[in-house]
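Engineer: Just so you know, the sequence shown maps onto residues 1 to 513 in UniProt numbering.
Note that the Cβ used here is the ideal one computed from N, Cα and C, for glycine as well.
Mind looking over this structure? Questions follow.
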Amino acid sequence: MTQVGEGQEAEETAPPIMTFGAPTAGEILAERYELVEHINNDSAGRLVWRGVDVILRRPVAVVLRYPGGDSATEMLQAAVAASRVIHPNLVGVYDAIDEDVRAYVVREWVDGRSLRELVADGPLDPARATAIGNAVASAIAAVHATGMVHGNVHPGTVMISDDGRVVLADARTDGDDSQEADIRAVGGILYHALTGHWPHAEAPLRGATAGHGRAAIPDAVRDASGAIAAPRQVRAGVPAYLDDLTMDLLDAEIAPPSSDVLSAELSRLDIPAEDHFLDQTGTIRFTADGVEDRSPLAAAGGRKVAIGIAGLLVVALVGLLIGINTLGGEDTPVTEPVARPSTSAPVDTTPAPAVRKLTIQDIRIIDPDSRQRNELGDAEKMMDGDENKGWETDTYYSANFSNYKKGMGVWIDLGAPHTVKSLTATLSDSGVSAALFTGTGDFPSTSQGDKDLVKGFKTRIGQPFEQHDGTKMAFDGFNPEQQYQYLLFWITELPSTERGFKVGVQEISVQGS
């Protein structure tokens, strides 16, 4: 049985470790931890034993270093720091003891294999690689939330237990560690899981150098200039979004996201293989094939001109008769004029209904490309009249929803058909790309229903906004001769924020009659 982070026999470059008074099976350390079986020596020369906590009667892993004292300070400090972070994807640290002649760390025992050993049998499928990357990123985010750094993320410190749990162990703390290195190391984990190779030179991650497993993992495939090949170039079947994310994390020219943003991104991508329905078919087309966008005023243009001319003729006739009456004096008989406009353009004397704020009867979030449906809450805050509160998307790794989805939107039901003059969306940030569509149909109850609903919204209202430089979007291209009940405010591009890409829709208001 190999323990996470301790799975490689000491290499030639491992530091020399003194082993006077080496432990023996049955020995009890600190009057509590019984040594049962020597498993191996890790790549730093430390002894790894399987043991038992005789008080709590649970299996433990005991990592011993000879000697203790100053030479064991880094190991003990790292253990103490790691013990403060409790997370399902982190190996639990129970104790850290310095006896001067030796020092040892007692931690959770995990039955399973390291990622290095698992991938030795062959690269993993994209779904499993994503799940492992998600677990590692989640563990790192928990560490970073405390202000600490893990400093030792590589295939030898990632463990997949026999029950499928993914855990990260063997944190290190020295002055060379950084949170950015931890985040870029996740790119190395994804690359290794997808290809079986380790991107040493392009991503110099702590733990990838000699003494931490580099010699045991094949180097990345490279071109003539030394640049590593993307996972999709190494093997078939790697989705484009996962390939892009991995290479971005390894690219020193691209600033990495924060660990919590990366964790959220991989969490969305971590979908069971049997549910993985993402496709790469391009953007949704809302305009019917072969039908050009029509100006909403085109159909009514001729009639409006005719009505306007008829009205002017009536006014001119009334003015003429009044003038004749005035000039003719009191004896001149006057016949009251009766306006008779042309029958081809009858005048509608009914006053136009006053424009007002229409009541939104129902408002929901449309997310057709996600089955997790974890961004569906707070929709009602977009119609409560308070622009300080609203609905917001999750945080994404890039502006186009990280290639994970084509977009998402807000479905609006006015309760009944209305003449609509305009719709205004108030946003939390500028830089948003969005459009407005109209269609028919009730709100669906499943993500597949979302897909069907979106396909039914083919008529675009007005022009779309591309990276809008304001926080208010006003759509006023409604056809005055048509009534509307269902509208879809569709977001295709997110603005950049301090923690990633996201937007809030604070308020949606519809004007009409």
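For D429 and T497, what's the separation of their Cα atoms in angstroms?
Structural biologist: Counting from 1 along the sequence shown, the entry for residue 429 is found at position 429. Counting from 1 along the sequence shown, the entry for residue 497 is found at position 497. So the alpha carbons of these two residues sit roughly 8 Å apart.
Engineer: Taking C-alpha atoms, which residue in P126, H418, H38 lies nearest to E481?
Structural biologist: The count along the sequence shown starts at 1 and reaches residue 481 at position 481. That would be H418, whose Cα lies nearest to the Cα of E481.
Engineer: Specify, as a first and last residue, the run of the beta strand (DSSP E) that I254 falls within.
Structural biologist: Indexing the sequence shown from 1 puts residue 254 at position 254. Run containing I254: none; DSSP gives neither H nor E here.
Engineer: Would you kindly check if the distance between the Cβ of V106 and the Cβ of V60 is under 8 Å?
Structural biologist: Here residue 60 refers to the residue found at position 60 when the sequence shown is read from its first residue. Here residue 106 refers to the residue found at position 106 when the sequence shown is read from its first residue. Cβ atoms of V60 and V106: closer than 8 Å.
Engineer: Where do the ends of the alpha helix (DSSP H) carrying S267 lie?
Structural biologist: In the sequence shown, residue 267 corresponds to position 267, counting from 1. From DSSP, the alpha helix (DSSP H) with S267 extends over 259-269.
Engineer: What's the call for T246, buried or exposed, on a 16-neighbour Cβ count within 10 Å?
Structural biologist: Working through the sequence shown from its first residue, we reach residue 246 at position 246. T246 is buried by the Cβ-count criterion.
Engineer: One question on the structure: do G180 and P256 come within less than 8 Å of each other, judged by their Cβ atoms?
Structural biologist: Position 180 of the sequence shown holds residue 180. Position 256 of the sequence shown holds residue 256. Gly is not the amino acid found at residue 180; the sequence shown has Glu there. Against a cut-off of 8 Å, the Cβ pair of P256 and E180 comes out as a contact.
Engineer: Restricting to Cα atoms, I'd like to know which of A220, R172, V52 is closest to A44.
Structural biologist: Sequence index remark: in the sequence shown, residue 44 carries index 44 (1-based). Among A220, R172, V52, the Cα nearest to that of A44 is on R172.
Engineer: Could you give the C-beta distance for L358 and F437, rounded to a whole number, given that I count them as a contact under 8 Å?
Structural biologist: By 1-based counting over the sequence shown, the position of residue 358 is 358. By 1-based counting over the sequence shown, the position of residue 437 is 437. The pair is not a contact, with the Cβ atoms about 17 Å apart (cut-off 8 Å).
Engineer: Whether or not the segment 27-43 and the segment 97-116 are in contact is what I'm after, with contact meaning three or more pairs of Cβ atoms, one per stretch, closer than 8 Å; do they touch?
Structural biologist: As far as the Cβ criterion goes, the segment 97-116 touches the segment 27-43, which means the pair count is three or higher.
Engineer: Exposed or buried, D42, counting other C-beta atoms within 10 Å across all chains shown (16 or more means buried)?
Structural biologist: Locating residue 42 in the sequence shown gives position 42, where the first residue counts as 1. Label assigned to D42: buried.
Engineer: At what residues does the beta strand (DSSP E) containing R128 begin and finish?
Structural biologist: Mapped onto the sequence shown, residue 128 falls at position 128. Note, R128: premise wrong, no beta strand (DSSP E); alpha helix (DSSP H) at 126-145.
Engineer: What did DSSP end up calling A229 once you bin it into helix, strand or coil?
Structural biologist: In the sequence shown, the residue the question calls residue 229 occupies position 229. It is coil, neither helix nor strand.
Engineer: Tell me the DSSP secondary structure of F501 in three-state form.
Structural biologist: Here residue 501 is taken as the residue at index 501 of the sequence shown, counted from 1. DSSP places F501 in strand when its eight states are reduced to three.
Engineer: Mark A131 as exposed unless 16 or more other C-beta atoms lie within 10 angstroms of its C-beta, in which case mark it buried.
Structural biologist: The sequence position of residue 131 within the sequence shown is 131, counting from 1. Buried, by the Cβ-count rule.
Engineer: With a cut-off of 8 Å on the beta carbons, I'd call L249 and V186 a contact; round off their distance for me.
Structural biologist: Mapped onto the sequence shown, residue 249 falls at position 249. Mapped onto the sequence shown, residue 186 falls at position 186. The Cβ separation is near 6 Å, so the contact holds.
Engineer: DSSP state of N388, grouped into three classes?
Structural biologist: Counting from one through the sequence shown, the residue named residue 388 turns up at place 388. N388 falls in the coil class under three-state DSSP.
Engineer: Just to confirm the assignment, what range does the beta strand (DSSP E) spanning H38 have?
Structural biologist: Locating residue 38 in the sequence shown gives position 38, counting from the first residue. Element bounds for H38: 33-41.
Engineer: Pull up the distance between the alpha-carbon of R235 and that of V54, whole angstroms please.
Structural biologist: In the sequence shown, the residue the question calls residue 235 occupies position 235. In the sequence shown, the residue the question calls residue 54 occupies position 54. Rounded to whole angstroms, R235 to V54 spans 49 Å at the Cα level.
Engineer: Around the C-beta of A227, are 16 or more other C-beta atoms found within 10 angstroms, so that it is buried, or is it exposed?
Structural biologist: Taking the sequence shown and counting its residues from 1, the one referred to as residue 227 is at position 227. Classification of A227: exposed, given that the 10 Å Cβ count is below 16.
Engineer: Mark V503 as exposed unless 16 or more other C-beta atoms lie within 10 angstroms of its C-beta, in which case mark it buried.
Structural biologist: For this step, residue 503 is matched to residue 503 along the sequence shown. Flag for V503 reads buried.
Engineer: Would H150 and V143 qualify as a contact pair, given that the criterion is a beta-carbon distance under 8 Å?
Structural biologist: For the purposes of this step, residue 150 is taken as residue 150 along the sequence shown, with counting starting at 1. For the purposes of this step, residue 143 is taken as residue 143 along the sequence shown, with counting starting at 1. Yes, they are a contact pair.
Engineer: For chain D, is any of its Cβ atoms less than 8 Å away from the one on L194?
Structural biologist: Checking the listed chains, one finds no chain D in this structure; it contains a single protein chain.
Engineer: Does the contact criterion of 3 or more C-beta pairs under 8 Å hold for the segment 121-130 versus the segment 69-83?
Structural biologist: Not touching, per the Cβ criterion.
Engineer: Using three-state DSSP, classify K357 as helix, strand or coil.
Structural biologist: Position 357 of the sequence shown, counting from 1, holds the residue named residue 357. Strand at K357.
Engineer: Exposed or buried, N134, counting other C-beta atoms within 10 Å across all chains shown (16 or more means buried)?
Structural biologist: By one-based count along the sequence shown, residue 134 stands at place 134. Counting Cβ neighbours within 10 Å, N134 comes out buried, since at least 16 surround it.
Engineer: Give the secondary structure of R184 by DSSP, where H, G and I count as helix, E and B as strand, and everything else as coil.
Structural biologist: Position 184 of the sequence shown, counting from 1, holds the residue named residue 184. In this structure, R184 counts as helix in the three-state DSSP scheme.
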